[in-house]
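Chains as they are written, first to last, in this note's numbering: chain A, 1 to 151; chain B, 152 to 302.
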């Protein structure tokens with residue numbers, strides 16, 4: 001890698017982090033799902049995401065929007081707070097804290113207005129400057145424990 | 152950041168990835184716990200690791216070795232297989248697959264010789280060229296489901 005290409009790589013990493021930050025804020029935290037057009041590639045692959053109903057699938061942009069819509073429904077005021085981002089060209093790893101109020105029924109659990117919190121870690125892939133997939137883990141056992149404790 | 156420091160940063164990232172690869176192989180997969188001296192800083196902080204008994208604690212090198220010893224006991228043939236690493240100076244994010252044979256009793260579960268698998272993601276911190284902490288998520292719900300299925 002030459003000095004020139006290292007400078008380009010550095011710019012690319014900064015752009016990736018900025019895009020991902022705006023995506024998490026706009027689409028997931030604020031629920032502006034149609035804005036996914038600006039962030040998501042035509043083909044988006046969920047390489048690993050245990051417990052996510054779309055685990056292992058490759059989604060069109062429309063299917064991606066449907067996934068966000070369904071996933072946000074139990075916790076419509078949810079927020080992702082980025083803890084840290086680490087980037088290389090084509091990839092960003094992000095650690096995050098998530099929280100939301102449980103106001104929409106979910107498989108096996110009746111909405112009860114409690115605040116639920118979770119941590120997670122995701123590696124996002126980029127293709128032509130847009131998000132084209134992820135490899136993710138989140139603390140779903142912790143969420144079930146919180147939901148069960150009050151149920 | 153100058154061109155010079157970018158080159159230095161690139162070397163540092165490569166060294167971090169090499170150290171982490173060797174650490175996972177030597178200490179966690181092969182169980183050479185005393186080799187931790189070469190990889191672990193005098194103070195190691197578990198910033199986030201839901202379900203890990205040492206979550207939130209800062210460990211001495213001896214306490215770190217004790218954690219590896221206790222954690223490996225139920226699955227002594229365990230292996231971590233690195234999927235991907237992403238580095239910046241002072242940090243490496245790593246996605247991994249883990250597997251092991253359940254041959255040592257664990258809280259609530261009797262060892263039955265089954266093969267158990269798990270995925271996870273970790274961000275490791277480096278201080279003076281050694282590992283000084285992590286922020287981690289692993290699919291512990293998936294492990295409990297596998298253990299319960301045969302129980």
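Just so it is clear, CB atoms sit at the ideal spot from N, CA and C, and this is done for glycine as well.
This one's a predicted model, so the numbers in the text were calculated from it and none came from an experiment.
Whole angstroms are fine: how far does the CA of residue j sit from the CA of residue i?
{"i": "residue 302 of chain B", "j": "residue 263 of chain B", "result": "Low confidence applies to residue 302 of chain B: its pLDDT is 49, below 50, so where it sits in the model is not reliable, and the reading given next is rough at best. Whole-angstrom Cα-Cα distance: 9 angstroms."}
{"i": "residue 110 of chain A", "j": "residue 140 of chain A", "result": "17 angstroms"}
{"i": "residue 148 of chain B", "j": "residue 131 of chain A", "result": "What is shown of chain B runs 152 to 302, which leaves residue 148 of chain B out entirely."}
{"i": "residue 137 of chain A", "j": "residue 235 of chain B", "result": "14 angstroms"}
{"i": "residue 97 of chain A", "j": "residue 202 of chain B", "result": "16 angstroms"}
{"i": "residue 274 of chain B", "j": "residue 133 of chain A", "result": "19 angstroms"}
{"i": "residue 33 of chain A", "j": "residue 80 of chain A", "result": "15 angstroms"}
{"i": "residue 127 of chain A", "j": "residue 56 of chain A", "result": "18 angstroms"}
{"i": "residue 217 of chain B", "j": "residue 182 of chain B", "result": "12 angstroms"}
{"i": "residue 37 of chain A", "j": "residue 105 of chain A", "result": "28 angstroms"}
{"i": "residue 39 of chain A", "j": "residue 53 of chain A", "result": "21 angstroms"}
{"i": "residue 209 of chain B", "j": "residue 192 of chain B", "result": "11 angstroms"}
{"i": "residue 298 of chain B", "j": "residue 258 of chain B", "result": "11 angstroms"}
{"i": "residue 17 of chain A", "j": "residue 95 of chain A", "result": "12 angstroms"}
{"i": "residue 186 of chain B", "j": "residue 215 of chain B", "result": "12 angstroms"}
{"i": "residue 225 of chain B", "j": "residue 250 of chain B", "result": "12 angstroms"}
{"i": "residue 7 of chain A", "j": "residue 121 of chain A", "result": "27 angstroms"}
{"i": "residue 228 of chain B", "j": "residue 252 of chain B", "result": "6 angstroms"}
{"i": "residue 171 of chain B", "j": "residue 244 of chain B", "result": "10 angstroms"}
In chain B, what lies closer than 9 angstroms to residue i by C-beta?
{"i": "residue 91 of chain A", "result": "235, 237, 244"}
{"i": "residue 135 of chain A", "result": "234, 235, 246, 270, 272"}
{"i": "residue 51 of chain A", "result": "290, 292, 293"}
Output, in chain order, the set of chain B residues within a Cβ distance shorter than 7 angstroms of residue i.
{"i": "residue 131 of chain A", "result": "Simply none; closest approach about 15 angstroms."}
{"i": "residue 30 of chain A", "result": "None at all; the shortest Cβ gap to chain B is about 24 angstroms."}
Along chain A, which residues have their Cβ under 7 angstroms away from the Cβ of residue i?
{"i": "residue 253 of chain B", "result": "Residues of chain A passing the Cβ test: none, with the nearest at roughly 18 angstroms."}
Which residues in chain B sit within 8 angstroms of residue i, going by Cβ to Cβ distance?
{"i": "residue 144 of chain A", "result": "292"}
| message | Would the segment 4-20 of chain A count as touching the segment 77-92 of chain A if we require 3 or more Cβ pairs under 8 angstroms? | response | These segments touch.
| task | Give a yes or no on contact between the segment 169-183 of chain B and the segment 193-211 of chain B, applying the rule of three or more CB pairs nearer than 8 angstroms. | result | no
| request: Go through the segment 170-220 of chain B residue by residue and report every complete run of the alpha helix (DSSP H) that reaches 4 residues or more, in order. | output: 187-190
| query | Residue ranges of each beta strand (DSSP E) run of no fewer than 3 residues wholly in the segment 219-255 of chain B, ordered along the chain? | reply | 230-239, 242-252
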